[in-house]
Amino acid sequence: MMEPAPTGGAETDAMTMGMHEPAEATSPPSETHCPERLLHGAPALLTYLDRDQRIRCANDTHRRWLGLDPARMIGQRLIDVIGQANHQLASAALERAYAGRLGVYEGEVHRGRERRYVHGNFQPDFDADGKVCGVFTALVDITERRTLELQLHESEQRFFGAFQYAAIGMALISPDGRFLRVNAALCRMLGYTEDELLALGVADVSHPDDFADDSELQRQLLAGERPSYQLEKRNFHKGGRVVEIELSVSLVRDEQGVPRYFVSQVQDISQRKAFEEDLHRERELAEVTLRSIGDAVITTDPELRITSLNPIAEAMTGWPSREALGRSVDDIFELFDATDGQPVANPLHVAIKHNIIIDLASRTSLRHRHGFDTPVEDSAAPIHDHAGNVIGGVLVFHDVSETRTLTLKMIHLTQHDALTGLPNRSQLHGQVGQALAAAARRQQRCAVLYLDIEHFKQVNELYGHDAGDRVLRAFAQQLRRCLPSEELLSRYGGDEFVVVVPHVETVGAVASLCQRLIAHGEETSLGDLPELGLRLKVGISVYPDDASDAETLLLHAETAMCAAKAQQSHSYRFFTATMNERAQARRQIEQALRQALPRNELQLHYQPKVDAGSGLVVGAEVLLRWHVDGVALHEPDAFIPIAEDSGLILPIGTWVLRQACNQARQWQQQGRAVPISVNVSPLQFQHADFYNWLDHALAESGLDPGLLELELTERMVMSGGSTTIERLRRIKQRGVRLSLDDFGTGYCSLSYLRHFPIDALKIDRVFVDDVIHHPDTATITRAIIAMARSLDKQVIAEGVETEEQASFLREAGCAQLQGFLYGKAMPAAAFEQRLRAVP
Ligand code: C2E
Ligand code: CA
Ligand code: CA
Numbered sequence: 005m006m007e008p009a010p011t012g013g014a015e016t017d018a019m020t021m022g023m024h025e026p027a028e029a030t031s032p033p034s035e036t037h038c039p040e041r042l043l044h045g046a047p048a049l050l051t052y053l054d055r056d057q058r059i060r061c062a063n064d065t066h067r068r069w070l071g072l073d074p075a076r077m078i079g080q081r082l083i084d085v086i087g088q089a090n091h092q093l094a095s096a097a098l099e100r101a102y103a104g105r106l107g108v109y110e111g112e113v114h115r116g117r118e119r120r121y122v123h124g125n126f127q128p129d130f131d132a133d134g135k136v137c138g139v140f141t142a143l144v145d146i147t148e149r150r151t152l153e154l155q156l157h158e159s160e161q162r163f164f165g166a167f168q169y170a171a172i173g174m175a176l177i178s179p180d181g182r183f184l185r186v187n188a189a190l191c192r193m194l195g196y197t198e199d200e201l202l203a204l205g206v207a208d209v210s211h212p213d214d215f216a217d218d219s220e221l222q223r224q225l226l227a228g229e230r231p232s233y234q235l236e237k238r239n240f241h242k243g244g245r246v247v248e249i250e251l252s253v254s255l256v257r258d259e260q261g262v263p264r265y266f267v268s269q270v271q272d273i274s275q276r277k278a279f280e281e282d283l284h285r286e287r288e289l290a291e292v293t294l295r296s297i298g299d300a301v302i303t304t305d306p307e308l309r310i311t312s313l314n315p316i317a318e319a320m321t322g323w324p325s326r327e328a329l330g331r332s333v334d335d336i337f338e339l340f341d342a343t344d345g346q347p348v349a350n351p352l353h354v355a356i357k358h359n360i361i362i363d364l365a366s367r368t369s370l371r372h373r374h375g376f377d378t379p380v381e382d383s384a385a386p387i388h389d390h391a392g393n394v395i396g397g398v399l400v401f402h403d404v405s406e407t408r409t410l411t412l413k414m415i416h417l418t419q420h421d422a423l424t425g426l427p428n429r430s431q432l433h434g435q436v437g438q439a440l441a442a443a444a445r446r447q448q449r450c451a452v453l454y455l456d457i458e459h460f461k462q463v464n465e466l467y468g469h470d471a472g473d474r475v476l477r478a479f480a481q482q483l484r485r486c487l488p489s490e491e492l493l494s495r496y497g498g499d500e501f502v503v504v505v506p507h508v509e510t511v512g513a514v515a516s517l518c519q520r521l522i523a524h525g526e527e528t529s530l531g532d533l534p535e536l537g538l539r540l541k542v543g544i545s546v547y548p549d550d551a552s553d554a555e556t557l558l559l560h561a562e563t564a565m566c567a568a569k570a571q572q573s574h575s576y577r578f579f580t581a582t583m584n585e586r587a588q589a590r591r592q593i594e595q596a597l598r599q600a601l602p603r604n605e606l607q608l609h610y611q612p613k614v615d616a617g618s619g620l621v622v623g624a625e626v627l628l629r630w631h632v633d634g635v636a637l638h639e640p641d642a643f644i645p646i647a648e649d650s651g652l653i654l655p656i657g658t659w660v661l662r663q664a665c666n667q668a669r670q671w672q673q674q675g676r677a678v679p680i681s682v683n684v685s686p687l688q689f690q691h692a693d694f695y696n697w698l699d700h701a702l703a704e705s706g707l708d709p710g711l712l713e714l715e716l717t718e719r720m721v722m723s724g725g726s727t728t729i730e731r732l733r734r735i736k737q738r739g740v741r742l743s744l745d746d747f748g749t750g751y752c753s754l755s756y757l758r759h760f761p762i763d764a765l766k767i768d769r770v771f772v773d774d775v776i777h778h779p780d781t782a783t784i785t786r787a788i789i790a791m792a793r794s795l796d797k798q799v800i801a802e803g804v805e806t807e808e809q810a811s812f813l814r815e816a817g818c819a820q821l822q823g824f825l826y827g828k829a830m831p832a833a834a835f836e837q838r839l840r841a842v843p
C-alpha cells in the first residue's frame, strides 16, 4: 500500500483537521470565486500532472487530508511526493493515462496513523494535436465503502464456507423451487452429485404426500405470513429409498423486499425416527405391562416431574395422566402418617438422591386429589439408563385396604364354600360350639344332623363335574327351604352337609325335621337332566345326651350317618353308644403307633416338586407312610392327627427329620443334591428342644442346610408371637429354608407375612382344585401369587392334578408345582430312579 509521502513540508494545523470536513466557507461562493472554491473545497485529492509527471496543480484538500502543503507540491515530481513504492503501484494506471486512456487505481493511502482507502481516476489531457500533454488525477476517499465491502465479503466467505462444509444439508432454493446452490452434505444425503441436484427442483426429490405441506409453508414465507418454518417430511434418495428429513427454512429478500431465495437447512432424521419408533414400541410394551399389573405405578424424570401414571395410579391419586404429566411428584403423590396425620416426605427424593430403593414406612396414607386418604404400601426406586445413570424415578404402590378386602374375601372363602356359598367346615365348628354354649345356658338340647348324598360320584361320572356342581347348589337350595336360617346349614365336604338345630324340644321334633330335609333333598332336580333320584343318609347326635363338646358331637353324627349307610332300611339314625367304634379305633391306632417306630413300620416317601417352566424335578416333599409288608396300614390323614393328639408326633417327627436329612445327604454325596421339604407339626415346632433336634439332625447327617426346607403352617407362624419369630430367625440363620404350607386356609395376612423370614408359600390344594372351575378362586389365586411375588416369596402350588391347572398356575407366576400330575409320593429308591430318568 502507499507509503506516507516524504514531503517534510506538512503544516501542523492541517494535521489536526478531520479529513472529511469541508473547506471553511464563511459565505456562499460568488460566481467569480466559484472555480477556486470548487477546486480547493472538493472532497477529493485533485492534481494536474504535466507530461513529465511533475505536479502542476494540487488542491487544498491535500493539506486537510494528508497534511501536505499544496504550494510546496507544485513543480515536484509525483514519485518524489508519493514515494517509489506507491508510484510503482499506481504506475499501470498512470501509464494508461499517459497512453491516452482513463487509468483507474484503487488502494490505500496513509500518513502516520491515518489510513484511507482511495479510488483514483487518471484522466489524460490532450493538446491541440491530440497528444497527451498532462494528466488530471482525482482520488476519492472510499474507506467506509471499502470497510463495508470487506465485511460483506468476509461474511459471504464465512457463510459459503459454512454452507459448503456444514455437517447438515443446506440448499439455496429459488422462489419457484429450483436448487440454486446445494452443499456436500445434502448431496450425500440424497445420493446425487452437485450438478445432478442443481438440475432438479424440490418437487423432484419430495415424497408426493409431503410436498403439499412444504409448498404451503413456502407460500406463507413468500407472502410474509411467517419468518421461517420447520417441517418434518420425507424425501427420496436417488436410489429410491425414503430419507426422513427435518427442514428449517427462511427466506432472503433483496433491499426492495423482493424474495431472492430460500435458505433451507436439511437434517437427516431417519435414524432418530427409527429410534423414536423403537422407543415408542418399547414404551407401548411397558405401558401394556403397567396397565396389566395390579400395582399403581408413577414414573418421574430426575427432577421428579411426572412422566407417567398407570390407570391404577390415576385412580388412587385422582390425577389423570394428561393433567399430571410434567408436574412435580409432590403435587400428585401426597403422603401422610396414618396415625398422626403429619405429612410424610416423598421417598422418591431420597431414592433418587442416594440412588437406592426405599420401602415406605407402614401406616402411611396417600391423599387423593379430592381429599380422602387411602392406606398404602409402596416402594420408591431410581430408574437407570443402560450406562447406569439415574434418569428418573419410579413409585410403585398399592392400596393396603384392598389387600385387606382380599384378605377378608379369602377368609370368607376359607369359611364359606365357594360352590354353594354356605359356611364350610371351619366355620361350622364355631357354630356348633356356639349352639352348644347357648343350649347349655338355657339348659336345653341341641342337635347336629350329618347328611350325605349316596353315590353322588355317579352324578359326576354321568353328567360331568359342572353338572355335579349345579346339582350340589340346587340341593343346598332345597335344604334351605326347610330351615329358618341359612347359617344353620353348612357344607362339610364334597357331598356332605351338616345342619345345626339350636333348639330341640323333643327328639321326635328332630326326627320329623330330618324327614322333611330328606324328602326335600331327594327331590332335587335340574331341568336339563333326567331324574336324579338322589338318596340321602343322615346321622343325628344330640347334646348333651351324646357328647358335651362340638368336636365329639359332630364326630358322633358322622358315625351315626355311617351306621345309616350300612343299613339299607334306614335313611337316618340317631347316634348310640354302641356306634362309638370310632373312638375305639382311635385308641387302637394310638397303641399300634407306639410300636410302629421300634418295629420299623414307618417309612418316608418322596413326592417330586417340579420347576413350573421346565418341568424338571427341583426338590421333594417328604411324606410319612405307615406300611406293613408293603401295604398302607393307615393313611397319614388318619394317623397323624392321632400322633399329634397323643404327643407321639414328637418322637416320630424327630425320626422323620433325621431320616430325611440322612437320605438327602446320601443324594448330595452321589452328586444329586435335591432340596427336601419336611413337614413339621405345631406341637413339634413349639417344643423348646425343637431347634436342638433340627441342629442335631443336620450335624449328624452332614447335610448342607440349604438343602433342607421346613414346611410350617400359617397358624404356627402367625400365632406364635415373639418367640416364634425368634425361632424362625434362628432356623434361618442355620441356613435352613422355611415355607408356609397350606397357604390360604388360615389367617393369611399377606402384608403381615413380610415380617416373617419365610422363603416360600405353598398354595393349598383347595385353591388348586378350584382354579379351573371357579373364577373367584382363580382371581384370588392369581392375586395371592402376585402379592407373594411382590413380597419376594417363592410360590409353589400343591395338589396339581391336571395340565389345565398347571398352565393356569404357570401363567399366574407360580415358580414350582407339586401334585399327582408329576408323581405321587414314592419310596426313596423310586425317587432316585425318577431323578436319573431326567438328566
Ligand atoms: P400336606 O403337607 O398338605 O401334604 C400333601 C398331601 O397331599 C400328601 O398327602 C400328598 O400325598 C397329597 N397330595 C400330593 N399331591 C396331590 C394331588 O395332586 N392330589 C391330591 N388329592 N393329593 C395330593 P399325605 O401324604 O396323605 O399327607 C397328608 C398330610 O399328612 C400332609 O399334608 C401333612 O400335613 C401330614 N404329613 C405327612 N407326612 C408328615 C410328616 O412327616 N410330619 C408331619 N408333621 N406331618 C406329615
Ligand atoms: Ca406339606
Ligand atoms: Ca399342604
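If you count by my numbering, then the sequence shown holds residues 5 to 843, one letter each, in order.
For glycine and all other residues, C-beta sits at the position ideal for the given N, C-alpha and C.
In this text the structure is predicted, and so the values were computed from the model without any measurement.
For ASP745, the distance from the CB to the nearest heavy atom of ligand 2 is below 7 Å. Here ASP403 is bridged, per DSSP, to VAL380. Judged by DSSP in its simplified three-state form, PRO386 adopts strand. Here ASP693 is exposed. Its C-beta has fewer than 16 other C-beta atoms within 10 Å. The region 634-692 is shown to contain whole alpha helix (DSSP H) runs of 4 or more residues at 640-650, 653-673 and 686-690, in chain order.
Check the Cα spacing between GLN822 and each of SER705, VAL380, TYR610 and HIS631: the tightest is with TYR610. Exclusion of the five residues before and after VAL246 leaves ARG238 as the residues of its chain whose Cβ lies within less than 6 Å of its Cβ.
Per DSSP, the beta bridge partners of PRO347 are PHE340. For HIS777, there are no CB contacts under 6 Å within the same chain when 5 residues up- and downstream are skipped. Residue environment analysis places GLN592 among the exposed positions, since fewer than 16 neighbouring C-beta atoms fall within 10 angstroms of its C-beta. Residues of the same chain with a CB within less than 8 Å of the CB of LEU652, apart from the 5 flanking positions on each side, are GLU594, LEU597, ARG598 and ILE646 in chain order. Each residue's CA atom was taken as its position, placing ALA480 and LEU493 some 8 Å apart. In the three-state reduction of the DSSP assignment, GLU248 falls in the strand class. According to DSSP, residue pairing for GLN820 in a beta bridge involves ASP615 and ILE800. Under the DSSP definition of a beta bridge, TYR121 partners with GLU112. Collapsing the DSSP output to three states places ASN464 in a helix.
Note that the region 546-565 touches the region 574-581; at least 3 beta-carbon pairs, one per stretch, sit closer than 8 Å. Take the alpha-carbon of LEU530 and the one of PHE460: they are about 15 Å apart. Annotation: HIS507 is outside any alpha helix (DSSP H); the continuous beta strand (DSSP E) that includes it extends over 500-508. Rounded to whole angstroms, the Cβ separation of ALA384 and PRO347 is 16 Å, and the two are not in contact under 8 Å. Contact annotation: GLY396 and PRO306 have beta-carbon atoms nearer than 8 Å.
Counting every other CB atom within 10 Å of its CB across the protein chains shown gives ILE86 a total of 16 or more, marking it as buried.
Membership of VAL514 in the alpha helix (DSSP H) is indicated by the continuous run 511-526.
Of the heavy atoms belonging to ligand 2, at least one sits nearer than 7 Å to the Cβ of ASN683.
Listed as beta-bridge partners of GLY173 by DSSP are VAL270. Here VAL270 really is in contact with ILE249; their C-beta atoms are around 5 Å apart, less than 8 Å. Taking the Cβ of VAL246 as the reference point, every heavy atom of ligand 1 lies at 7 Å or farther away.
DSSP places TYR695 in no beta strand (DSSP E) but in the uninterrupted alpha helix (DSSP H) bounded by 694-705. Rounded to whole angstroms, VAL514 and VAL542 show a C-alpha spacing of 12 Å.
The shortest C-alpha to C-alpha distance from ALA564 to any of GLY472, VAL452 and TRP323 is the one to VAL452. In this structure, DSSP gives GLY107 an extended state, which the three-state scheme calls strand.
When DSSP states are grouped into helix, strand and coil, ALA551 belongs to the coil group.
No residue range can be given for ARG58, since it is assigned to no alpha helix (DSSP H) and is classified by DSSP as neither H nor E.
The region 516-529 and the region 471-490 touch, with no fewer than 3 CB-CB distances between them shorter than 8 Å. Per the coordinates, the alpha-carbon of HIS574 lies some 55 Å from the alpha-carbon of ARG840.
Residue nearest to PHE760 within the set ALA792, ILE784, VAL770 and ASP773 is ALA792 (criterion: CA-CA distance).
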